[in-house]
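Asker: Numbering (this note's numbering), first residue to last: 207 to 313. One structure, as structure tokens, below. Some questions next.
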Ligand SMILES: [Zn+2]
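As structure tokens, this is what we get:
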């Protein structure tokens, strides 16, 4: 019984608190106030996130390429729209006023 009483206080006199900076679990020595253990929540995730970071980078690169392709398609569509507008405008100009639209030199 005596041995158990001596071991209990050493194991239970640690204070568990949350780090105000990063929210990590802190194990504090109540006598000195020193941080005995700083269990960061980010550390274990960083090891896993390396793979996740690689996957995220790959996805970001794919997304960037898709965006570039979409922008190219949009530019193509815009150029087509501009050409169609010019054609429609020229057609209407020809219908409304054919003489000024055609250069005299060709005749
Ligand atoms: Zn911290």
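A virtual CB, placed ideally from N, CA and C, is assigned to each residue, including glycine.
Find the nearest neighbour of residue 244 within the set 228, 255 and 237, judged by alpha-carbon distance.
Answerer: The residue with the shortest Cα to Cα distance from residue 244 is 228.
Asker: With DSSP collapsed to three states, give me the class of residue 224.
Answerer: Here residue 224 sits in strand by DSSP.
Asker: I need the residues with a C-beta less than 6 angstroms from some heavy atom of ligand 1; please give them in chain order.
Answerer: Cβ atoms closer than 6 angstroms to ligand 1 belong to 225, 227, 228, 230 and 244.
Asker: Please state whether DSSP places residue 231 in a helix, a strand or coil.
Answerer: Of the three classes helix, strand and coil, the one that applies to residue 231 here is strand, per DSSP.
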